[in-house]
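**Student:** The structure is given below, and queries will be raised subsequently.
Chains as they are written, first to last, in the numbering used here: chain G, 251 to 511; chain P, -12 to 274.
Structure, rendered in structure tokens:
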């Protein structure tokens, strides 16, 4: 085997992996534009399912809920998480290691367990189910990511700049707004987009916390899939997948997660 | 106000909100669920509840739960193994064969699906795997009599969907550890007479084990806890711990049993980690 054939096999293999990763997504998007509701071939281009989607009030309301929750979640999680990242990065204190370790359970324990435990607790304490409960849960899942992303940005520049500002007579507020905030801005933006994506894509937690009648888009899609076939789901799913991929593309292309990538 | 007091207030003010939030939404709920798992009934709406071990005893005495737990473990092992077997060569090609802008672009293409909606990706497989889907319609006429391509609602469908969902994780973690290996190590082995394969087996592979283990951990845990993928792709074959737990909360409304099963699942995950931890510690501390 020559070096060239080896390289050719290697590249073909990588290509096949990519085909595996993108095949179902491509077929779904294709089917969203197929006139037949039953996946019949030959393929006939039609936007009939997107038109049906525009008249499906349940899906539209759920989409609206999803976007609102994702935006509010991004705002809260980024604010609260950035404060915590500042506290963890700029102070050393007893118990700091524990606080850092406590960020892991929300992202490593299976969502099924986190989601059902929230259901139990919220029901028990009277917080109840609904959009507010979903928001509470989403922020909890987003916080560790925000703290890690902003923390990485904070770690990429030491406290020296802030100390220099203080030495030159800046008040703590001036230092925060004139020195720390501008340097942190890309990290905060990335964290906010991350938090938006975490919330927008979150299904498991929302599923357990949704009250009958009000839900988010993934919950509505799941219910439709379980109930039976609705081709508008292809259309809305195609839109979602393009939106969430585009969003991540934005995060990766425009913001660096602290230091060099 | 003196400096230490002010410092303490600053720390509390900065970190307090985040950790209060996590306490209210993660740590208190987990504690509440642990408490519920020892009750005869959920103490909601004035119902009487007594202390009991019955749900935990049920798990160890009723074969149905054992069976499901075993299926969950098997699923976790199958998916994790496949992800590593498929992902390792891909990460190797990406880290050692492709350079420059192409590498960056391909890397992005591989991790991108991971950040898109998991539910929608799972759903998209139903269109590929069903007998009357696009692939089925194309290849079924070509298959010999008695053969039919219709994988939807089978165990392999669940495995395919989950491998698709977690493969980017495996590639990502293995790629990071492979990229950190200095190429001069491999060149040194080669110039000392090692064959290409031997250089890989004795140098590259051992040095990339931390990445493999990180991937294994990141895949195994969520797969054990999955319920949406088995439900959508497995249909009646979704005989696993995850769907059973979901059932207790959504349709059967036996919250104490569901809570106990959740903690048993958590216990299984921790047990597997404990068994693996000597290996993990050896490799991750060096790496």
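We treat Cβ as the ideally placed atom computed from N, Cα and C, and that holds for glycine. Bear in mind the structure is a predicted one, so any value in this text is a computation, not a measurement.
At 7 angstroms on the CB atoms, spell out the chain P contacts of residue 374 of chain G, in chain order.
**Tutor:** Reading the first chain from its first residue, position 124 is the one you call residue 374 of chain G. Near residue 374 of chain G (Cβ distances below 7 angstroms), the residues of chain P are 19, 31.
**Student:** In chain order, what residues of the same chain lie with their CB nearer than 8 angstroms to the CB of residue 424 of chain G, ignoring the 5 residues before and after it?
**Tutor:** Against the first chain, residue 424 of chain G aligns to sequence position 174. So the list reads 415, once near-sequence residues are dropped.
**Student:** If you run the structure through DSSP and keep just helix, strand and coil, what is residue 14 of chain P?
**Tutor:** In the second chain, the residue the question calls residue 14 of chain P occupies position 27. Three-state result, residue 14 of chain P: helix.
**Student:** Quick one: does residue 120 of chain P have its CB under 8 angstroms from some CB of chain A?
**Tutor:** The structure shown has no chain A; the protein chains it does contain are G and P.
**Student:** Could you name the residues of chain G that residue 145 of chain P contacts, counting a contact when the two beta carbons are closer than 9 angstroms?
**Tutor:** Indexing the second chain from 1 puts residue 145 of chain P at position 158. Per Cβ cutoff of 9 angstroms: no residues; residue 145 of chain P is ~14 angstroms from chain G at best.
**Student:** How is residue 284 of chain G classed by DSSP in three states: helix, strand or coil?
**Tutor:** Stepping through the first chain from its first residue, residue 284 of chain G is reached at position 34. Reduced to three states, the DSSP call for residue 284 of chain G is strand.
**Student:** Would you identify the three-state DSSP class for residue 24 of chain P, choosing helix, strand or coil?
**Tutor:** Position 37 of the second chain, counted from the first residue, corresponds to residue 24 of chain P. In the structure shown, residue 24 of chain P sits in coil (DSSP, three-state: anything other than H, G, I, E or B).
**Student:** Check each candidate in G:272, G:427, G:437, G:316 and name the one with the smallest Cα separation from residue 469 of chain G.
**Tutor:** Position 219 of the first chain holds residue 469 of chain G. Nearest of G:272, G:427, G:437, G:316 to residue 469 of chain G, Cα basis: G:316.
**Student:** Along the region 408 to 440 of chain G, what residues have a CB closer than 8 angstroms to any CB found in chain P?
**Tutor:** The residues in question: there are none.
**Student:** Give, in chain order, every residue of the region 259 to 276 of chain G whose Cβ lies closer than 8 angstroms to some Cβ of chain P.
**Tutor:** Within the region 259 to 276 of chain G, the residues whose Cβ lies closer than 8 angstroms to some Cβ of chain P are 260, 261, 263, 264, 267, 268, 270, 271, 272, 273, 274, 275, listed in chain order.
**Student:** Secondary structure at residue 464 of chain G, three-state DSSP: helix, strand or coil?
**Tutor:** Walking along the first chain from the start, residue 464 of chain G turns up at place 214. DSSP places residue 464 of chain G in strand when its eight states are reduced to three.
**Student:** Only counting the same chain, and skipping five residues up and downstream in sequence, which positions put a Cβ closer than 8 angstroms to that of residue 0 of chain P?
**Tutor:** Sequence index remark: in the second chain, residue 0 of chain P carries index 13 (1-based). For residue 0 of chain P, where only same-chain residues beyond five positions count, there are no Cβ hits under 8 angstroms.
**Student:** Taking the C-alpha atoms as reference points, what is the distance between residue 231 of chain P and residue 213 of chain P?
**Tutor:** Within the second chain, the letter at position 244 stands for residue 231 of chain P. Within the second chain, the letter at position 226 stands for residue 213 of chain P. Residue 231 of chain P and residue 213 of chain P: Cα-Cα distance of roughly 11 angstroms.
**Student:** On the DSSP bridge list, what partners appear for residue 38 of chain P?
**Tutor:** In the second chain, the residue the question calls residue 38 of chain P occupies position 51. Partner(s): P:26.
**Student:** Between residue 165 of chain P and chain G, is any beta-carbon pair separated by less than 8 angstroms?
**Tutor:** For the purposes of this step, residue 165 of chain P is taken as the residue at position 178 of the second chain. So no, residue 165 of chain P is outside the interface.
**Student:** Comparing C-alpha positions only, which one of G:262, G:282, G:302 sits nearest to residue 489 of chain G?
**Tutor:** In the first chain, counting from the first residue as 1, residue 489 of chain G sits at position 239. The shortest C-alpha separation from residue 489 of chain G is found at G:282.
**Student:** Starting from the Cα of residue 385 of chain G, find the closest Cα among G:298, G:405, G:327 and give me that residue.
**Tutor:** On the first chain, residue 385 of chain G is found 135 positions in, with the first residue counted as 1. Among G:298, G:405, G:327, the Cα nearest to that of residue 385 of chain G is on G:327.
**Student:** Between the region 293 to 310 of chain G and the region 365 to 381 of chain G, do three or more beta carbon pairs fall short of 8 angstroms?
**Tutor:** Contact fails: fewer than three Cβ-Cβ distances are below 8 angstroms.
**Student:** Closest to residue -5 of chain P by C-alpha separation, out of G:476, G:445, G:344, would be which residue?
**Tutor:** For the purposes of this step, residue -5 of chain P is taken as the residue at position 8 of the second chain. The shortest C-alpha separation from residue -5 of chain P is found at G:344.
**Student:** Tell me the rounded alpha-carbon separation between residue 5 of chain P and residue 268 of chain P.
**Tutor:** If you number the second chain from 1, residue 5 of chain P lands on position 18. If you number the second chain from 1, residue 268 of chain P lands on position 281. Near 30 angstroms, if we compare the C-alpha coordinates of residue 268 of chain P and residue 5 of chain P.
**Student:** Within the continuous alpha helix (DSSP H) that includes residue -4 of chain P, where are the two ends?
**Tutor:** Taking the first residue of the second chain as 1, we reach residue -4 of chain P at position 9. Residues -10 to 9.
**Student:** To the nearest angstrom, how far is the alpha carbon of residue 187 of chain P from that of residue 397 of chain G?
**Tutor:** The sequence position of residue 187 of chain P within the second chain is 200, counting from 1. The sequence position of residue 397 of chain G within the first chain is 147, counting from 1. Answer to the nearest angstrom: the Cα atoms are 38 angstroms apart.
**Student:** In whole angstroms, give me the CA-to-CA distance for residue 355 of chain G and residue 256 of chain G.
**Tutor:** Translated into positions along the first chain, residue 355 of chain G becomes position 105. Translated into positions along the first chain, residue 256 of chain G becomes position 6. Cα-Cα distance, rounded: 43 angstroms.
**Student:** Between which residues of its own chain and residue 394 of chain G is the CB-CB distance below 6 angstroms, once the five residues before and five after are set aside?
**Tutor:** Position 144 of the first chain holds residue 394 of chain G. Excluding residues within five positions, the ones whose Cβ falls inside 6 angstroms are 353, 356, 357.
**Student:** Taking only three categories from DSSP, how would you classify residue 270 of chain G?
**Tutor:** The sequence position of residue 270 of chain G within the first chain is 20, counting from 1. Note: residue 270 of chain G maps to helix in three-state DSSP.
**Student:** Which first and last residues belong to the alpha helix (DSSP H) in which residue 61 of chain P is found?
**Tutor:** Here residue 61 of chain P refers to the residue found at position 74 when the second chain is read from its first residue. Looking at the DSSP string, the run of the alpha helix (DSSP H) that includes residue 61 of chain P is 50 to 83.
**Student:** In the region 324 to 358 of chain G, which residues sit with their C-beta less than 7 angstroms from some C-beta in chain P, listed in chain order?
**Tutor:** Listed in sequence order: 330, 331, 333, 334, 336, 337, 338, 341, 343, 349, 352, 355, 356, 358.
**Student:** Output yes or no for whether 8 angstroms exceeds the beta carbon distance between residue 247 of chain P and residue 42 of chain P.
**Tutor:** As a first step, residue 247 of chain P is located in the second chain; it is residue number 260 there, counting from the start. As a first step, residue 42 of chain P is located in the second chain; it is residue number 55 there, counting from the start. Yes.
**Student:** What residues from chain G crowd round residue 153 of chain P, counting only those whose CB sits closer than 7 angstroms?
**Tutor:** As a first step, residue 153 of chain P must be located in the second chain, where it is residue number 166. None at all; the shortest Cβ gap to chain G is about 11 angstroms.
**Student:** So if I threshold CB-CB distances at 8 angstroms, which residues from the region 160 to 185 of chain P count as touching chain G?
**Tutor:** Listed in sequence order: no entries.
**Student:** Nearest by alpha-carbon distance to residue 174 of chain P: which of P:190, P:167, P:147 is it?
**Tutor:** As a position in the second chain, residue 174 of chain P is number 187, starting the count at 1. Nearest option by C-alpha distance: P:190.
**Student:** Which full runs of the alpha helix (DSSP H) of 4+ residues lie inside the region 413 to 473 of chain G, going along the chain?
**Tutor:** Fully enclosed alpha helix (DSSP H) runs of 4 or longer: 422 to 425, 431 to 451, 454 to 459.
**Student:** For residue 52 of chain P and residue 155 of chain P, what's the separation of their Cα atoms in angstroms?
**Tutor:** Indexing the second chain from 1 puts residue 52 of chain P at position 65. Indexing the second chain from 1 puts residue 155 of chain P at position 168. Cα to Cα, the separation comes out at about 31 angstroms.
**Student:** Looking only at its chain, what residues have a beta carbon closer than 6 angstroms to the beta carbon of residue 331 of chain G, apart from the 5 residues adjacent to it on each side?
**Tutor:** Looking up residue 331 of chain G in the first chain gives position 81. Hits under 6 angstroms: 393, 396, 397.
**Student:** If you follow the alpha helix (DSSP H) that residue 290 of chain G is in, where does it begin and where does it stop?
**Tutor:** Working through the first chain from its first residue, we reach residue 290 of chain G at position 40. Where residue 290 of chain G is concerned, there is no enclosing alpha helix (DSSP H), given that its DSSP letter is neither H nor E.
**Student:** Name, please, each residue of chain P whose Cβ falls closer than 9 angstroms to the Cβ of residue 451 of chain G.
**Tutor:** Along the first chain, read from residue 1 onward, the residue named residue 451 of chain G stands at position 201. Per Cβ cutoff of 9 angstroms: 102, 103, 104, 105, 106, 107.
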